[in-house]
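Residue numbers (the working numbering), protein chains in the order written: chain E, 33 to 528; chain V, 7 to 716. Glycine included, every Cβ here is placed at the ideal spot set by N, Cα and C. Structure first, then comments.
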């Protein structure tokens with residue numbers, strides 16, 4: 033290989049991904065193989081700054097001795113980068129945006145996993161920005177692309193992302209060094225050699241394993257049920273049009289688990305009402321949305337449900353997995369409960385709950401006692417007994433105040449859907465969708481409930497473009513917590 | 007202890023004649039200082055020269071051995087004033103800070119130093135925090151050099167050139183009795199490379215020698231009539247001496263080339279980007295041989311008129327690359343060309359952006375315009391960027407911003423969560439922010455803070471709001487800013503002027519944002535520093551009556567203290583010290599101890615948080631009150647739910663904030679804390695065994711009931 037210019041590497045890493053470690057390895061690798069190497073970066077102060085760009089350039093010493101030392105750049109120059117390494121999918125996008133990746137010059141190594149940005153994380157609903165167009169673009173603009181989930185590979189090989197990246201660099205053959213040279217660089221660094229080599233080898237394997245197609249989530253299939261009740265419900269749901277069946281089957285098992293067979297049958301009865309107003313021409317869109325959201329609404333989160341979920345054996349397993357407790361070390365779970373006066377009333381028999389929640393005296397006496405954070409250890413006997421007893425209140429759930437409130441809302445919603453399904457299908461779908469904003473507990477539930485009720489009221493006038501209004505209100509309801517956007521919009525429709 | 011340890015690297019400072027030094031720019035500069043026989047070094051940390059302070063601090067033993075005094079100064083003004091030691095004595099000294107912010111602070115001392123002039127060489131190493139990665143207002147150190155008439159060296163970003171610049175700077179300073187700025191751009195500070203070392207020089211005379219035989223020269227003191235004398239000296243003696251030295255030593259470089267009717271002038275720091283850009287345009291090779299002559303201003307102030315005129319002789323047009331604004335160099339070059347009756351036309355910012363960093367793409371566009379105008383038959387090679395325009399447009403819509411934020415488990419997070427919760431209750435407040443990690447509060451998810459007026463000036467920034475109000479202004483200050491000047495400029499000022507507002511001092515035991523350097527209030531005992539001076543005590547010392555210290559992670563207490571402070575009637579400022587150790591530093595300290603304890607069989611507990619995915623509502627209220635990197639989201643495993651669920655990844659350090667927030671903000675009951683007992687004792691095992699047996703039995707019964715229903 034004739035060297036008339038340095039080999040140039042750009043790396044985009046997030047705080048904590050080990051960009052500095054990888055840079056050191058690359059420089060050491062090059063220097064040990066008789067290259068002059070330069071690296072620069074903007075000091076990434078740990079996790080505090082977002083993405084850091086590292087630049088490494090190298091040139092053979094022997095050529096430099098005859099031709100002179102090359103000029104190294106302090107920053108990657110678009111059109112001139114031989115290798116781009118990105119430690120995360122959106123950062124790959126950033127590398128492309130910066131012009132580092134060009135079709136003839138650049139080998140691109142990227143991890144397909146996501147580290148979500150604060151805006152994506154803090155959205156009131158689903159704020160995740162789809163990265164599949166970035167992966168597709170990456171394919172088109174690079175000379176060669178190596179893309180895989182480096183975080184998973186690192187996790188599975190009990191190593192770190194930078195070691196996996198280093199493996200991918202070795203596999204890409206973008207640098208004129210052998211695999212043994214790479215391994216020697218890891219060994220020379222003297223830290224965590226064994227686990228780094230493990231990650232390095234896993235990285236090579238994954239990079240050579242071929243590029244994954246952009247993943248699309250598989251369509252929802254029919255669920256399995258172990259018990260006779262579940263099997264009967266799934267069978268009943270299977271009779272629905274294909275589009276609706278799987279959702280209704282999942283929904284029926286969910287409501288069965290939530291309460292009992294009768295409750296699940298009620299769930300399917302209600303779907304019956306809508307399915308017969310729906311048709312294949314619309315792809316049974318309304319029934320699908322209704323079946324999904326009705327199942328979620330009917331399995332609303334009350335204290336009984338939470339107590340049940342928190343005490344299940346399967347949950348204990350899941351938590352131990354999450355905490356990565358591999359041996360038999362004693363591991364206690366501490367739950368953070370904050371039952372308020374409102375939740376207390378919700379769980380009371382409807383009439384008593386109603387009276388209590390209206391009684392100022394009751395609130396004055398009970399609220400200070402109740403409204404306190406409680407830390408309960410579910411795997412100590414006292415904590416378990418408390419919660420499992422609460423969970424067994426399930427059999428009286430139909431009598432609770434919260435149940436009656438929920439029934440009232442679902443009744444209004446159902447009436448609106450039935451009334452509009454044939455006259456204004458799009459509106460019916462939008463309304464069926466909108467109830468998703470009613471979820472959760474406490475303030476989240478109250479906020480969703482109030483916005484949903486106002487959206488229903490604002491779209492009661494049939495002469496308007498109700499579908500459009502409903503969709504916009506739905507969107508605005510999830511735009512911000514304070515409700516500025518939603519309030520402005522709803523005011524507009526209410527005054528018109 | 008600073009965030010990054012250079013204990014191993016500083017061994018390289020022992021290298022001698024002919025040894026090859028291999029390492030980072032910052033370390034190379036330290037080595038160069040020792041080779042130059044420096045007597046004292048001072049400075050104030052801040053990116054991009056934080057590591058220079060860390061290196062020096064870790065090298066204290068080596069410095070002591072050589073008789074070099076190093077100190078971490080209280081502020082940049084302190085550091086600059088330290089250089090007074092070189093006024094009367096031939097002692098070489100170096101001081102360093104982040105510029106231009108640090109130079110602003112240092113200006114008083116610098117102006118005095120530059121007025122009287124120096125006997126021993128003084129080099130002011132400024133980390134020029136400009137362009138990508140910068141965290142401050144975009145200004146130029148160049149202006150300070152001009153106003154105080156200090157010389158400015160801007161070396162090419164190559165380690166050999168940087169090391170040479172240190173030596174040149176000392177000599178230039180001594181030759182012209184003027185302190186010299188050595189400007190290191192962000193990436194130069196972190197450039198890795200090699201150079202051939204020299205022996206370290208012991209300073210001679212020493213600081214102790216100077217104290218034994220004090221020397222006093224009335225003409226060097228800035229007081230009339232000497233101050234008037236100084237101004238004349240500057241232009242009549244020191245400036246010409248500097249010009250002479252720069253010319254004689256050829257500190258500026260000329261790259262000769264065949265296209266002699268045109269030329270390029272650039273600041274030294276831009277040289278490599280320029281050469282690479284020319285190479286991409288087919289106007290240079292990769293080895294620094296250009297087809298267009300280049301005049302490299304390694305000394306970018308003052309301008310050497312003779313050199314400039316010689317370079318421009320017989321040229322039709324010359325392109326100038328001067329990064330940042332105002333275009334001081336362009337103005338000077340134009341004046342020089344005009345005065346020298348040169349026929350060359352200067353093309354500067356008319357083909358380049360007036361403001362902003364000169365990246366390769368920016369330079370390319372400028373060169374193309376310049377060349378098309380200068381040589382009608384020149385054709386630019388195809389721009390590689392042109393082929394990816396569509397790709398860039400596509401991905402641009404999918405790349406989220408990544409604003410900086412507080413680290414995992416940061417003790418400042420609960421402070422802002424408390425503030426946000428208090429604002430939810432009482433309405434929004436005017437918040438005067440400061441400089442430090444805590445300034446990230448202005449960004450999502452907290453969105454708290456109206457202004458920031460500079461380091462330590464949070465309280466001063468609220469001083470105008472000294473009016474009666476049920477919603478007093480709240481100001482924020484870090485422990486770093488407090489000791490830097492906030493104690494006097496903010497707290498003392500508020501006491502004196504009877505201001506009732508609240509100042510929240512965030513005390514995390516370190517100057518954390520700059521890399522965890524120690525402070526007066528640091529908790530750690532240090533053999534060389536006096537620490538453990540409490541902030542609350544200092545505030546009381548200047549007359550504050552309402553002062554409290556609260557542990558940050560206790561959101562309930564923090565919120566109550568905040569509410570009390572803003573509603574407290576009475577004269578004088580309230581100072582609330584929010585205390586908890588910086589988590590990065592704490593982890594660095596505790597992790598090895600923890601690991602060793604687990605391995606040696608000691609009983610230790612480990613805490614980590616988690617979110618129950620089936621209980622999580624997907625509303626992410628928890629994230630809006632936190633923003634912790636370890637509290638993230640993932641797709642909902644429930645096939646019927648579309649919202650991603652909150653998720654605590656394995657970087658969680660178990661700080662406890664999530665649980666506190668869940669309680670205080672009355673969030674959903676999804677959070678749990680896992681407490682793992684490593685190396686359990688007999689009682690631990692016994693209790694665990696009983697609990698597990700009983701609960702498993704109960705769970706089996708519950709599962710059976712569940713299956714009966716299924």
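I'd like the list of long-range same chain contacts for residue i, defined as Cβ closer than 7 Å, with 5 residues on each side in sequence excluded.
| i | result |
| --- | --- |
| residue 446/V | 410, 411 and 412 |
| residue 524/V | 516, 530, 532, 535 and 537 |
| residue 233/E | 199 |
| residue 467/E | 325, 329, 445 and 484 |
Residues of chain E with a CB under 9 Å from the CB of residue i: which are they?
| i | result |
| --- | --- |
| residue 444/V | Within chain E, no residue comes near residue 444/V; the closest Cβ sits about 11 Å away, beyond 9 Å. |
| residue 390/V | 110, 111, 112, 131, 134, 135, 136 and 137 |
Check the DSSP bridge columns for residue i and list the partner residues they point to.
| i | result |
| --- | --- |
| residue 723/V | Residue numbering for chain V in the displayed model covers 7 to 716; residue 723/V lies beyond these limits and cannot be assessed. |
| residue 200/V | 28/V |
| residue 407/E | 368/E |
| residue 381/E | 432/E |
| residue 623/V | Per DSSP, none; premise fails for residue 623/V. |
| residue 513/V | 585/V |
Against residue i, what residues of chain V qualify as contacts under a CB-to-CB distance less than 7 Å, listed in chain order?
| i | result |
| --- | --- |
| residue 100/E | 293 |
| residue 129/E | 398, 401, 402 and 405 |
| residue 324/E | 646 |
| residue 354/E | 616 |
| residue 196/E | Going along chain V, no residue has its Cβ under 7 Å from residue 196/E, so there is no contact; the nearest lies around 16 Å. |
| residue 70/E | 197, 198 and 199 |
| residue 476/E | 623, 625, 627 and 674 |
Quick one: which chain E residues come within Cβ less than 8 Å of residue i?
| i | result |
| --- | --- |
| residue 638/V | 147, 148 and 153 |
| residue 694/V | 362 |
Using a Cβ-Cβ cut-off of 6 Å (strictly less than) and excluding sequence neighbours within five positions of residue i, which residues of its own chain qualify?
| i | result |
| --- | --- |
| residue 226/V | 93 and 122 |
| residue 62/E | 69 and 90 |
| residue 551/V | 578 |
| residue 555/V | 542, 583 and 585 |
| residue 524/E | none |
For residue i, which of the options has the nearest alpha-carbon?
| i | options | result |
| --- | --- | --- |
| residue 91/V | 152/V, 56/V and 220/V | 220/V |
| residue 562/V | 671/V, 548/V and 625/V | 671/V |
| residue 99/E | 46/E, 313/E, 258/E and 34/E | 34/E |
| residue 483/E | 446/E, 299/E and 519/E | 519/E |
| residue 129/V | 111/V, 182/V and 107/V | 182/V |
| residue 158/V | 140/V, 143/V and 191/V | 191/V |
| residue 205/E | 227/E, 114/E, 188/E and 152/E | 114/E |
| residue 576/V | 567/V, 607/V and 507/V | 507/V |
Name the chain V residues that come within less than 9 Å of residue i, Cβ to Cβ?
| i | result |
| --- | --- |
| residue 288/E | 715 and 716 |
| residue 398/E | Per Cβ cutoff of 9 Å: no residues; residue 398/E is ~16 Å from chain V at best. |
| residue 258/E | 713 and 716 |
For the putative contact between residue i and residue j, defined by C-beta atoms under 8 Å, what is the C-beta separation to the nearest angstrom?
| i | j | result |
| --- | --- | --- |
| residue 587/V | residue 514/V | 6 Å |
| residue 482/V | residue 436/V | Between residue 436/V and residue 482/V the Cβ distance is about 12 Å, and since that is not below 8 Å, they are no contact. |
| residue 379/E | residue 336/E | 7 Å |
| residue 88/E | residue 141/E | Actually they do not touch by this definition, with Cβ atoms about 13 Å apart. |
Between which residues of its own chain and residue i is the CB-CB distance below 8 Å, once the five residues before and five after are set aside?
| i | result |
| --- | --- |
| residue 78/E | The pLDDT assigned to residue 78/E is 45, lower than 50, so where the model puts this residue is not dependable; a value taken from the coordinates is nonetheless given after this. Same-chain partners within the cutoff: 47 and 48. |
| residue 88/V | 46, 48, 77, 79, 99 and 101 |
If the cut is a Cβ gap below 8 Å, which residues of chain V does residue i touch?
| i | result |
| --- | --- |
| residue 73/E | 193 and 196 |
| residue 370/E | 668, 669, 672, 673 and 675 |
Which chain E residues are close to residue i, counting only those with a beta carbon under 7 Å from its beta carbon?
| i | result |
| --- | --- |
| residue 620/V | 341 |
| residue 454/V | The contacting residues do not exist; residue 454/V stays about 14 Å from chain E at best. |
| residue 630/V | 154 and 513 |
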